[in-house]
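Here is the structure we will look at.
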Amino acid sequence: MNVQMESSWKNVLKVEFEKPYFKNIVQFLKTEKEQHKIIYPKGNLIFNAFNQTPFDQVKVVIIGQDPYHGPDQAMGLCFSVAKGIPTPPSLVNMYKELNTDIGMNIPKTGDLTSWAQQGVFMLNATLTVRAGEANSHAQIGWGNFTDAVIKKISDEKSGVVFLLWGKFAQSKAAMIDASKHHILKSAHPSPLSAYNGFFGCKHFSKTNQLLALQGKEAIDWNPA
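In full-length UniProt numbering, the protein residues as written are 1 to 224.
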């Protein structure tokens, strides 16, 4: 398969593309398409997180679960939606925390591309979903791929800030070398759990403090 992915990622992940599980993913998606299933995000956006944030530029990692399954929402960056799409509830809560943490005004856009372009790698553990069916592609092999991605970042980089929100994201901590990276954990920003520890976590200011200690440029969290 000719994977449309930024070259530095393509280089570090080339072994994965040849593994049976990845070929099974490709075949599964082809079959879904042949059966006229609608899949999100669009094909050219499946690897958007990789294309917006080259491997060499990754400073922060945010881990989500799977893409939004509503029309025109998913854009290949976890929690993010395209300009003009209403801001989803979890992202609304992220903006609320940004407001109390650093005083940022609530943005009108849910498009977080500017975060990605500053080195915030916004990875969903599953990269595709069938329209209207949350987690419908969770078992097709994407977990093998994104686990390998997380491990590559852990093994080959240092000083990366990992933001693990909720139990699912926190389960990925086992693949991260905490002796050379920074792991910040909190509840998920979902309305169901944000009041259990996401609000008040101050992860956005803490991230910038950790980057500053390494002499790295802070993230401008305002996507507007």
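Beta carbons: idealized from backbone N, C-alpha and C, even for Gly.
Near Ile-38, which residues of its chain fall below 6 Å by C-beta distance, leaving aside the five closest residues on each side in sequence?
For Ile-38, where only same-chain residues beyond five positions count, the Cβ hits under 6 Å are Ala-131.
Buried/exposed call for Ser-186, threshold 16 Cβ in 10 Å
Label assigned to Ser-186: buried.
Go ahead and pull the three-state DSSP assignment for Trp-142.
In the three-state DSSP reduction, Trp-142 falls in the helix class (H, G or I).
Provide the residue span of the beta strand (DSSP E) that contains Phe-121, from first to last.
Residues 120–124.
Below 8 Å between beta carbons: does that hold for Pro-107 and Pro-223?
Yes. Within cutoff.
Might you give, ordered along the chain, the residues of its own chain that have their beta carbon closer than 8 Å to the beta carbon of Ser-158, omitting 5 neighbours on each side?
Here the set comprises Lys-180 and His-181.
Let's test the definition: count the other Cβ atoms within 10 Å of the Cβ of Leu-91 and tell me whether it reaches 16, buried, or not, exposed.
Result: buried.
Give the list of continuous alpha helix (DSSP H) stretches no shorter than 4 residues that lie fully inside the segment 135–204.
For the segment 135–204, whole alpha helix (DSSP H) runs of length 4 or above, ordered along the chain, are 142–156 and 166–170.
Length of the line joining the Cα atoms of Asn-124 and Thr-146
About 8 Å.
Hey, out of Ile-62, Phe-28 and Gly-103, whose CA is closest to Trp-142's CA?
The candidate whose alpha carbon is nearest that of Trp-142 is Phe-28.
Given a threshold of 16 other Cβ atoms within 10 Å of its Cβ, counted over all protein chains shown, does Gly-64 qualify as buried or as exposed?
Gly-64 should be labelled buried.
Environment of Ile-102 [buried if 16+ CB atoms lie within 10 Å]:
In the assembly as shown, Ile-102 is an exposed residue. Its beta-carbon has fewer than 16 other beta-carbons within 10 Å.
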